[in-house]
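Encoded as structure tokens, the structure appears first; notes follow it.
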């Protein structure tokens with residue numbers, strides 16, 4: 006046997022930490038043999054099914070973010086699904102009926118592109134990958150309810166995707182319009198705003214996204230902008246603050262006013278949203294987005310000279326070569342063209358020249374802004390570039406509150422900043438009081454905003470308003486491998502929903518179709534599929550040839566898991582009432598905007614339609630970090646890929662899972678170069694051997710065991726639940742290691758494995774390890790004399806009497822050095838402790854003839870004695 010002095014992660018021989026493929030040996034730890042032994046048992050017994058009749062246990066719904074079948078599981082999967090599994094197994098031990106389902110988000114561009122490259126059907130590629138991942142998930146011992154497995158590319162799933170689309174269409178939340186869209190030139194499809202990265206590239210292909218005008222399908226997510234923003238308050242404390250902030254920033258609510266500017270020669274006014282209506286008197290020109298419909302309309306007027314039209318057309322071509330990110334750069338020289346049109350400022354009647362400039366985007370408000378160059382840096386840069394007027398209307402040298410600056414000879418001091426942005430090149434963006442603004446002069450910014458909105462409303466030229474960064478969700482895609490949109494287009498242009506009893510609209514076979522990206526959907530070439538009779542009168546009509554964004558699929562999958570085999574409805578409301586919303590969601594922060602925002606939106610729609618009784622889909626969210634290698638994300642180009650399958654072959658499933666949990670807090674990144682799966686394997690061997698050292702029977706009375714060991718056991722039983730629920734999995738693992746050390750020490754001394762306290766400790770170690778290392782724990786449980794599965798056993802409560810220390814160790818320091826340790830009562834008084842310390846033989850020896858000058862006592866833990874030499 007190993008000695009008690011070994012540390013927690015040492016103590017296995019090479020045979021114990023390696024794989025042999027042989028049958029389990031009672032004398033050594035063989036992870037591969039354990040995996041081969043227990044996986045078939047779990048497959049047959051299905052210990053994690055949740056559709057048990059008359060199950061009265063409280064329920065927990067634990068969900069992992071949808072895996073995509075792009076190949077075998079990788080190291081990131083290993084971390085994410087280990088964490089979700091810890092939580093699922095924990096709540097089962099706590100007496101809950103836990104739903105922990107698994108499925109695949111199996112439509113999408115990666116599968117289609119891979120199939121095109123290999124010249125095979127996307128179905129073949131997708132389902133082969135699912136089979137591979139499923140085998141790896143089973144090997145990885147996830148506690149999934151496999152009876153609920155689903156794939157979004159199955160007709161049985163995407164039928165209900167189409168049903169959902171039709172429900173949104175009926176409610177006016179799904180619509181089709183022509184507009185400028187984000188275009189991925191590599192994948193040859195449109196992208197939602199959320200799928201364009203901050204650097205202007207596609208989150209799919211990495212290509213620089215360009216703008217293209219197309220007629221596309223949208224979901225009206227902006228109708229829910231306020232609720233999506235305000236309901237985030239429900240999630241504070243249970244969602245990471247970073248994710249909540251990211252969603253708030255993406256929705257981007259701004260409060261201000263809609264101001265109507267009349268345009269000379271145009272019947273309808275142009276409405277401009279501004280957060281600073283107080284600065285209306287400072288507007289000296291108007292700017293419209295070059296690609297906006299407004300710009301095209303204004304320049305097309307017969308009053309505009311042909312030369313101006315030509316300049317605009319040439320400018321538009323140049324603008325379309327730039328990304329939105331480039332256009333928004335503050336250090337980029339301003340460009341633009343005058344459209345030879347004028348707007349009328351509603352507060353003072355001034356004529357404002359209308360320009361097209363690329364720093365304004367078409368999807369912000371109406372695509373037009375009032376330019377106040379004195380108080381907006383981008384407007385100022387443009388005005389200086391083209392010689393346009395700059396009028397100061399906010400005196401930033403006048404404080405809003407407090408005393409007015411002392412005048413010097415009737416004037417403001419010379420050292421105040423100049424109010425001359427036209428010369429300084431710096432806009433005045435601070436606070437102050439209105440000037441050059443008629444009856445608004447002297448007002449603070451906030452009071453002026455209120456006053457000017459009142460004036461605009463009174464004259465019918467404006468109103469209080471809100472604007473959002475959020476744009477409607479573009480959901481149509483020009484690719485094959487997705488859910489067909491269930492709309493038929495009549496010869497008269499009518500949009501005709503496919504009747505629900507004709508769903509699903511199945512994807513046609515790929516035979517004869519060219520799936521190469523070409524800018525239009527390949528479904529349009531499937532003549533037998535796309536050409537259909539008009540449901541109204543039988544005349545020729547066409548199916549919509551686009552498919553849906555796969556984020557539609559994953560926006561509601563958590564509901565389909567509740568009744569995955571129901572062919573009569575998308576989800577059973579009775580099952581929804583039992584299980585939803587999801588209690589704990591686990592996944593990466595990469596979809597903090599995309600997936601989570603869309604799922605929240607669809608949930609609110611379903612709530613409004615009466616299908617669910619809650620407005621937030623995921624009550625709590627846990628984000629895991631990334632798995633790195635030597636400080637960098639793993640990639641083929643860097644040559645730092647670590648293959649999960651290799652790690653499992655070398656160290657075993659349990660060692661990899663335990664390493665993921667022990668590496669640090671879940672939200673932190675893990676550098677695989679800094680962790681030790683081999684050390685985890687050695688520790689597991691050491692813990693497993695303890696189960697063979699126990700010689701007492703299962704029915705032994707633990708109370709007859711060693712009290713000191715029982716205290717360690719019960720401290721773990723008391724502390725572990727709180728640590729797990731706080732996601733401090735690494736600390737739980739450390740506590741298991743401490744208990745293992747204590748149990749080994751007890752085995753190697755005194756009554757050894759016959760001590761009832763040893764059995765209690767080792768059973769507790771097995772229960773703790775069942776969260777992280779299920780194969781090892783299950784085998785330990787059997788060796789301890791219990792039938793499988795350990796996951797069905799409840800967590801044991803701690804005995805309060807064993808949590809109270811009978812004695813504590815008091816440290817005695819003399820002149821800063823430890824000179825003695827005393828075992829004392831935790832209730833000892835300061836006076837008693839000082840007396841004991843002074844009478845300690847070791848302390849008396851070290852004091853000698855020195856004079857004690859000060860004694861600090863912190864009962865019952867420390868006595869600090871300061872001395873000096875006697876004079």
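Numbering (this note's numbering), first residue to last: 6 to 876.
In this text, a Cβ means the ideal position worked out from N, Cα and C, and glycines have one as well.
| Asked | Found |
| --- | --- |
| Determine, using beta carbons only, whether residue 34 and residue 689 come nearer to each other than 8 Å. | yes |
| Does the distance from the C-beta atom of residue 882 to that of residue 527 stay below 8 Å? | Here the chain has residues from 6 to 876 only, and residue 882 is not among them. |
| Could you check the C-alpha separation between residue 697 and residue 93 for me, to the nearest Å? | 28 Å |
| Quick check on this structure: which residue in 817, 243, 349, 99 has the alpha carbon closest to the alpha carbon of residue 288? | 349 |
| Reducing DSSP to helix, strand and coil, say where residue 874 ends up. | coil |
| Residue ranges of each alpha helix (DSSP H) run of no fewer than 4 residues wholly in the region 153 to 240, ordered along the chain? | 160 to 175, 230 to 235 |
| Per the DSSP calculation, residue 882 is bridged to which residue(s)? | The question about residue 882 has no answer here: the residues shown for the chain are numbered 6 through 876. |
| Answer yes or no: do residue 491 and residue 508 have a C-beta to C-beta separation smaller than 8 Å? | yes |
| Contact defined as beta carbons within less than 8 Å: I believe residue 363 pairs with residue 322. What is the distance between those atoms, to the nearest angstrom? | In fact, because the Cβ distance is near 12 Å, the residues do not count as touching under 8 Å. |
| Quickly, what does DSSP pair residue 602 with across the bridge? List them, please. | Paired residue(s): none; residue 602 is not in a bridge. |
| Below 8 Å on the Cβ atoms is my guess for residue 440 versus residue 397; work out the distance and round it to an integer in Å. | 7 Å |
| Please name the residue in 306, 822, 96, 703 whose C-alpha comes closest to that of residue 760. | 703 |
| Could you tell me the distance, in whole angstroms, from the CA atom of residue 109 to the CA atom of residue 182? | 31 Å |
| Please confirm if the region 560 to 568 is in contact with the region 114 to 123, defined as three or more CB-CB distances below 8 Å between the two stretches. | no |
| Short check: CB of residue 658 to CB of residue 145, under 8 Å? | yes |
| Counting beta carbon pairs with one atom in the region 793 to 803 and one in the region 834 to 850, are three or more of them shorter than 8 Å? | no |
| Assuming residue 433 is part of the alpha helix (DSSP H), what are its boundary residues? | No alpha helix (DSSP H) contains residue 433, which DSSP labels as neither H nor E. |
| Within the same chain, show all residues whose beta-carbon is closer than 6 Å to that of residue 762, passing over the 5 residues directly before and after it, in chain order. | 710, 711, 714, 715 |
| Exposed or buried, which one is residue 794 when buried takes at least 16 other CB atoms within 10 Å? | buried |
| Is it buried or exposed, residue 796, if we count other Cβ atoms within 10 angstroms and call 16 or more buried? | buried |
| For residue 251, which of helix, strand or coil comes out of DSSP? | helix |
| What residue range does the alpha helix (DSSP H) around residue 851 cover? | 846 to 852 |
| So is residue 338 buried or exposed if we call it buried at 16+ other beta carbons inside 10 Å? | exposed |
| Could you tell me how far apart the beta carbons of residue 599 and residue 200 are, in whole angstroms, since I believe they sit closer than 8 Å? | 7 Å |
| Tell me whether the region 277 to 286 and the region 375 to 393 touch, counting them as touching only if at least three CB pairs, one residue from each stretch, are closer than 8 Å. | yes |
| In whole angstroms, what is the alpha-carbon distance linking residue 614 and residue 126? | 38 Å |
| Compare the beta carbon distance of residue 839 and residue 868 with 8 Å and say whether it is the shorter of the two. | yes |
| Closest by CA to residue 266, which one among 344, 253, 354, 246? | 354 |
| If you measure between the beta carbons of residue 173 and residue 195, is that distance less than 8 Å? | no |
| Taking contact to mean 3 or more Cβ pairs, one atom from each stretch, closer than 8 Å, check whether the region 761 to 775 and the region 720 to 731 are in contact. | yes |
| Near residue 874, which residues of its chain fall below 8 Å by C-beta distance, leaving aside the five closest residues on each side in sequence? | 855, 856 |
| Alpha carbon to alpha carbon, how far is residue 897 from residue 682? | Lying before the first or after the last residue shown, residue 897 is absent from the chain, which here runs from 6 to 876. |
| I need the boundaries of the beta strand (DSSP E) containing residue 373, first residue and last residue. | 373 to 376 |
| Is the number of C-beta pairs between the region 547 to 555 and the region 492 to 501 that are closer than 8 Å three or more? | yes |
| Considering only DSSP beta bridges, list what residue 814 is partnered with. | 828 |
| Using only the alpha-carbon positions, how far apart do residue 250 and residue 229 sit? | 18 Å |
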